[in-house]
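Data block below; observations after.
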Amino acid sequence: MGRLLFVALAVAIVSAQAFAQQDSAARGERDFRACAPCHSLKPDRNMTGPSLANLWGRKAGSLPSFDRYSDALKSSGIIWDDGALDAWLTDPERMVPDNEMPFKGIQDSRVRADLLAFLKEATKPGATPERTAENRMNGMGGMMGGMIGGGADPDLKNLDPARHVTGITHCRETYRVTTADGKIRHFWDRNLRLMTDSSERGPQRGAPAVVPAGMLGDRADVIFAAPEEISKAIEARC
Ligand code: HEC
């Protein structure tokens, strides 16, 4: 009898712990929004920062597909584990002076614990990408894409006509951007950013894309496949 009670209690405690861990990871998934503009959880999808897929056990600054690590991080000798990540997220600059992650750190130890509980699962090899915060944000469509950029870009390889740029003219301080649906939009030239995405996610050569940027609807990015396309695509004409 006593033994049965003990087993029942043990089961109850274990499942309570499991639930508590799930709660923590669920909160951590929300906290990951602070990281998602710069970090993807998909292997080798690099943005401002390196992909965090397969992070545990990785040497700091060592992802071969990421070209923009600071020397400070590359030569830090850190191997990412629970303790190292907790210290990094508390105060990156203190742990690795002169690193280039523009993030001031998280003071609240519970928030860090939640975030690490989420990341530990979500960065495991073969973690289901459907469950990641990034995908959840992708589900929110172009709105988030425009606001936070990065991971939520539309498919630039298969552009819909409203995004496919067929011509750009520049006159005084105005760009006129023509798209494949025949529409012409005007932009103050400080509000149109010309950029490239040479990765496999970028547009096809010769088919630049226009993507809304900012929250007010007055800005956009035109994304080219390569830098040499930019000036060729823009005609000075009034
Ligand atoms: C504004 C962009 C930005 C934000 C926000 C950001 N990071 Fe970073 N992160 C970077 C950059 C850039 C690097 C590379 C730094 C370097 O090389 O010095 C980096 C590096 C890292 C690394 C080291 C990876 C490796 O391969 O060694 C980890 C881990 C990390 N970030 C986690 C996070 C987490 C977790 C968050 C959210 C709490 C976060 N970062 C927020 C840009 C960002």
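One point on numbering: in this note's numbering, the residue at position 203 of the sequence shown is 201, and numbering is uninterrupted.
Cβ coordinates follow ideal geometry from the N, Cα and C atoms, glycine included.
Rounding to the nearest angstrom, what Cα-Cα distance links residue i and residue j in this structure?
{"i": "PHE30", "j": "LEU117", "result": "8 Å"}
{"i": "ALA275", "j": "ASP21", "result": "Since the first and last residues shown for the chain are -1 and 236, residue 275 lies out of range."}
{"i": "ALA224", "j": "LEU53", "result": "30 Å"}
{"i": "LEU154", "j": "ILE221", "result": "9 Å"}
{"i": "GLY59", "j": "ALA211", "result": "30 Å"}
{"i": "ASN44", "j": "PRO100", "result": "15 Å"}
{"i": "LEU157", "j": "GLY75", "result": "43 Å"}
{"i": "ALA23", "j": "LEU114", "result": "8 Å"}
{"i": "LEU214", "j": "VAL208", "result": "16 Å"}
{"i": "LYS269", "j": "ILE166", "result": "In this structure the chain extends from -1 to 236, so residue 269 is not present and cannot be described."}
Pick out whichever of the options has its Cα sitting closest to the Cα of residue i.
{"i": "ARG108", "options": "THR88, LYS155 and MET193", "result": "THR88"}
{"i": "HIS270", "options": "PHE64, PRO123 and PHE17", "result": "Nothing can be reported for residue 270: it is not among the residues displayed for the chain, which extend from -1 to 236."}
{"i": "GLY180", "options": "ALA160, ARG28 and MET193", "result": "ALA160"}
{"i": "SER197", "options": "ALA115, ILE182, VAL94 and ASP42", "result": "ASP42"}
{"i": "CYS169", "options": "ASP216, TRP186, VAL208 and GLY26", "result": "TRP186"}
{"i": "SER229", "options": "ARG56, GLY204 and ALA218", "result": "GLY204"}
{"i": "LYS122", "options": "GLY26, LEU39 and ARG28", "result": "LEU39"}
Could you give the first and the last residue of the continuous beta strand (DSSP E) run that contains residue i?
{"i": "LEU94", "result": "Residue identity differs from the one stated: residue 94 is Val in this sequence, not Leu. Segment: none, VAL94 is in no beta strand (DSSP E) and carries neither H nor E."}
{"i": "ALA211", "result": "207 to 211"}
{"i": "PHE302", "result": "In the structure displayed, the chain extends from -1 to 236; residue 302 sits before or after that span and is not available."}
{"i": "TRP78", "result": "Segment: none, TRP78 is in no beta strand (DSSP E) and carries neither H nor E."}
{"i": "ASP219", "result": "217 to 222"}
Do we get a CB-CB distance below 8 Å when we pair residue i with the residues of chain E?
{"i": "ASP79", "result": "No chain E is present in this structure, which holds just one protein chain."}
Give the C-beta separation of residue i and residue j to the nearest angstrom, bearing in mind that I take them to be a contact with Cβ-Cβ under 8 Å.
{"i": "ASP84", "j": "ARG110", "result": "6 Å"}
{"i": "ASP96", "j": "SER68", "result": "6 Å"}
{"i": "ARG174", "j": "HIS184", "result": "6 Å"}
{"i": "MET193", "j": "ASP219", "result": "6 Å"}
{"i": "GLY55", "j": "TRP86", "result": "Not a contact, Cβ separation roughly 15 Å."}
{"i": "ALA231", "j": "PRO201", "result": "Going by Cβ atoms, the distance from ALA231 to PRO201 rounds to 12 Å, so no, they are not a contact pair."}
Along the alpha helix (DSSP H) that carries residue i, what are the first and last residues, could you check?
{"i": "GLU226", "result": "226 to 231"}
{"i": "PHE185", "result": "Run containing PHE185: none in the alpha helix (DSSP H); it sits in the beta strand (DSSP E), 182 to 186."}
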